[in-house]
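Chain order of the listed sequences is V and G.
Start counting the first sequence at 334; every next residue gets the next number (this note's numbering).
Start counting the second sequence at 4; every next residue gets the next number (this note's numbering).
Glycine included, every Cβ here is placed at the ideal spot set by N, Cα and C.
One structure is given below, encoded as structure tokens.
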Amino acid sequence: MLSFKEQYQRGSSYVHRLDPRIKLGCMLLFVLSVSLLPTAAWLSYGLLFVSTLFIAYHAGLGWGYALRRSFVALPFVLAAIFLPFTLPGQPLFSLGPFTASLEGTLRLASIVLKSWISVQIAILLAATTPFPDVIWALRALRVPATLVGIISFMYRYIAVLGDEASRLIRARSARAAHSDRRSGGSLLWRGRVAGGMVGNLGLRAFERSERIYAAMVARGFTGEIRTLAPPHIGASDRDALIGMITFLAAVLLLALFV
Amino acid sequence: MFSGLLSVLTAPELLHIPDGFLSTPVALVGWLLAIILIGVALYQTRGQLGEKQIPLMGVVAAFIFAAQAINVPIGGGTSGHLLGGALAAIILGPWAAVLVMTAVISVQALLFQDGGVLVLGWNIINMGILTAFTGFAIYNALKSILGNTRTAVLVAGGVGGWLSMMVGAAATAVEIALSGTSPLAIALPSMLSVHAVLGLIEAFITVGALAFISAARPDLLEIGAHAPARSSAGWVAGGLGIALVVAALSPLASPDPDGLERVAEDVGFLDTALEPAYNLLPDYTIPGIENGVVSGIIAVMLGTVIVFGLSYFVGRLLGRRVQV
């Protein structure tokens with residue numbers, strides 16, 4: 334069934350207490366640096382990976398926290414799986430009529446590792462920062478206020494509409510003997526049943542949005558979402574940002590010269 | 004073989020590119036393009052919705068997010084679900100749909116790590132912007148041809164939903180190829196063939212949803228007599244344009260290896276695949292390769308501009324407004 338599991342892990346560690354703007358900025362810089370690394374920069378990959386373990390440990394999440402959840406991007410490896418065979422170079426091994434090249438294999442391994450490290454740092458941000466704080470930090474990164482408003486509204490109503498979707502799915506399960514297996518008609522029929530549920534959910538969402546809007550106007554809403562004044566960025570926040578930038582620059586430099 | 008392997012996955016997941024699979028220049032171009040288009044969308048919807056913008060589109064974004072949880076069993080233990088770009092565009096108009104899908108895809112990336120952060124620009128373009136504009140243009144083109152009846156709405160919505168997935172899949176394949184992650188000769192046919200089948204789920208759910216809405220709130224879809232009369236030539240042209248783009252791509256999906264190699268050589272992707280296009284320093288890249296990447300990026304940008312320009316232009320001619 335539906336699981337809108339909260340990613341945030343309550344805590345009061347140094348990482349948790351950092352300003353969300355700093356954390357979001359660090360995460361973006363980290364992912365950008367991973368992306369900039371060339372193929373087969375193993376030492377740099379290793380350092381970045383160790384740094385994610387380090388952050389996870391210091392956030393009180395345990396060493397393996399991000400590791401355990403980092404397999405979400407794995408299926409996409411299929412998109413690159415043929416690289417060893419399509420990239421010409423020094424032959425490494427043969428699989429039937431196809432010969433894998435060393436260059437292609439290294440490239441595939443690099444892509445998978447880089448993707449995996451990027452996912453881990455994104456997991457760490459979500460685990461140590463309440464999502465409303467992330468949304469608030471987006472505003473500080475100059476994301477337009479309207480878009481931030483839409484995202485924060487969406488986040489607020491995910492659980493409400495998720496519950497409605499759950500009830501629709503439960504009703505379907507109650508009426509169909511096996512909703513998870515092939516039963517009860519063709520793919521077209523099953524698709525249209527799900528479509529009816531989606532249409533139903535959509536109409537409820539529209540009508541709900543009209544009621545919400547009316548309630549907001551009644552309370553003085555003029556189209557602007559107001560937020561509290563941002564707190565000051567403290568010394569420890571600055572330290573974290575400068576530390577992260579220094580570390581990433583060192584990792585990139587290492588990849589250039591080693 | 005590749006398609007068989009891929010079909011164990013469900014359709015929309017395959018369009019969520021994770022970080023690492025696109026090269027840095029390609030990813031940054033995607034961000035640039037997405038920022039421009041989202042900016043236009045914000046401006047357009049402010050004019051149409053005013054202060055209703057945030058509550059309406061926020062709740063609709065939550066709806067699309069929740070609707071993606073409604074699964075359709077395909078068989079063999081797998082199931083597919085809606086992506087929703089085409090459906091959102093049919094109900095809200097393309098610009099509002101762009102904002103709704105941007106919110107959905109951003110939350111998926113930031114909160115659930117479903118799709119990457121650096122590649123978020125392309126994910127928004129592939130799954131939000133291209134699907135919305137394709138779905139919207141095809142829907143309106145077919146509705147103009149078939150007449151404004153309930154059957155026409157369902158057929159037009161189904162075809163629009165299917166084609167929106169194809170366009171999104173083709174764009175994803177081209178971006179992967181540009182990044183040197185997979186040759187276009189493999190990425191494009193496999194993505195298109197997988198989504199030709201899995202796009203049916205998108206089509207069926209879109210049809211089902213439109214059938215429900217047309218029965219309960221026909222005013223939202225402007226079906227029947229109270230819909231304003233409008234010229235149909237623009238929609239026919241826009242729809243034909245997109246159909247032509249897809250038709251032009253379809254030879255690339257041919258399993259004939261000669262054809263594939265030829266196409267790959269023509270477009271210059273074999274060259275791109277020879278050496279990593281991404282390098283820490285731009286000076287490192289060999290001139291010929293860089294040209295291959297640049298021309299490829301320009302091709303993607305042009306493709307995006309074409310799909311979206313066609314639908315936007317005809318949309319303006321008709322002056323469609325959101326009526327919620």
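Span separating the alpha-carbon of residue i from that of residue j
| i | j | result |
| --- | --- | --- |
| G/V63 | V/F404 | 30 Å |
| G/F215 | V/L534 | 10 Å |
| V/R472 | V/L585 | 29 Å |
| G/Q51 | V/T479 | 14 Å |
| G/V101 | V/F539 | 17 Å |
| G/A69 | V/V550 | 26 Å |
| V/A582 | V/A374 | 14 Å |
| G/F66 | V/P421 | 47 Å |
| V/L494 | V/R440 | 42 Å |
| V/L386 | G/I208 | 42 Å |
| G/S147 | G/A155 | 9 Å |
| G/M60 | V/T419 | 44 Å |
| V/L457 | G/R220 | 44 Å |
| G/L25 | V/V364 | 12 Å |
| G/G42 | G/R49 | 11 Å |
| G/L86 | G/H19 | 11 Å |
| V/I414 | G/Q47 | 42 Å |
| G/L40 | G/P97 | 11 Å |
| V/S451 | G/E225 | 45 Å |
| G/V197 | G/I73 | 21 Å |
| V/G509 | V/L362 | Reading off the sequence shown, one finds Ala at residue 509 of chain V, where the question assumed Gly. The alpha-carbon atoms of V/A509 and V/L362 are separated by roughly 49 Å. |
| G/V29 | G/A218 | 44 Å |
| V/Q340 | V/A389 | 14 Å |
| V/G358 | G/I179 | 26 Å |
| V/G556 | V/I545 | 13 Å |
| G/L187 | V/A547 | 51 Å |
| V/V476 | V/I558 | 14 Å |
Identified DSSP bridge partners for residue i
| i | result |
| --- | --- |
| G/G83 | G/V75 |
Reduced DSSP category for residue i - H, G, I as helix; E, B as strand; rest coil
| i | result |
| --- | --- |
| V/T432 | strand |
| V/P424 | strand |
| G/S147 | helix |
| G/S109 | helix |
| V/G576 | helix |
| V/R552 | coil |
| V/L351 | coil |
| G/D22 | coil |
| V/W396 | coil |
| V/A538 | helix |
| V/Y341 | coil |
| G/H198 | helix |
| V/R559 | coil |
| G/Q116 | coil |
| V/A568 | helix |
| G/V122 | coil |
| V/L474 | coil |
| V/A509 | coil |
| V/R523 | helix |
| G/L17 | helix |
Cβ shell of residue i (< 6 Å), same chain only, five flanking positions each side left out
| i | result |
| --- | --- |
| V/L370 | S377 and A588 |
| G/L166 | T137 and I141 |
| G/V210 | L157, G160 and G161 |
| V/H530 | Reading off the sequence, residue 530 of chain V comes out as Met, not His. The residues are L501. |
| V/I566 | D352 |
With 16 other Cβ atoms within 10 Å as the buried cut-off, status of residue i
| i | result |
| --- | --- |
| V/Q423 | exposed |
| V/H349 | buried |
| V/I575 | exposed |
| G/D22 | buried |
| V/R343 | exposed |
| V/H391 | exposed |
| G/E205 | buried |
| G/L17 | buried |
| V/W449 | buried |
| G/P58 | buried |
Neighbourhood of residue i by C-beta distance below 8 Å, restricted to the same chain and skipping five residues each side
| i | result |
| --- | --- |
| G/L35 | G124 |
| G/A106 | M60, G61 and A64 |
| V/S434 | P417, F418, L420, P421, G422, Q423, P424 and L425 |
Contact set for residue i: own chain, Cβ-Cβ below 7 Å, skip 5 residues either direction
| i | result |
| --- | --- |
| V/D570 | L351, D352 and I355 |
| G/L203 | W165 |
| V/G360 | Note that residue 360 of chain V corresponds to Met in the displayed sequence, not to Gly. I454, A455 and L458. |
Closer than 8 Å: residue i CB and nearest the ligand MG heavy atom
| i | result |
| --- | --- |
| V/G576 | This structure lacks the ligand MG; in fact it carries no ligand of any kind. |
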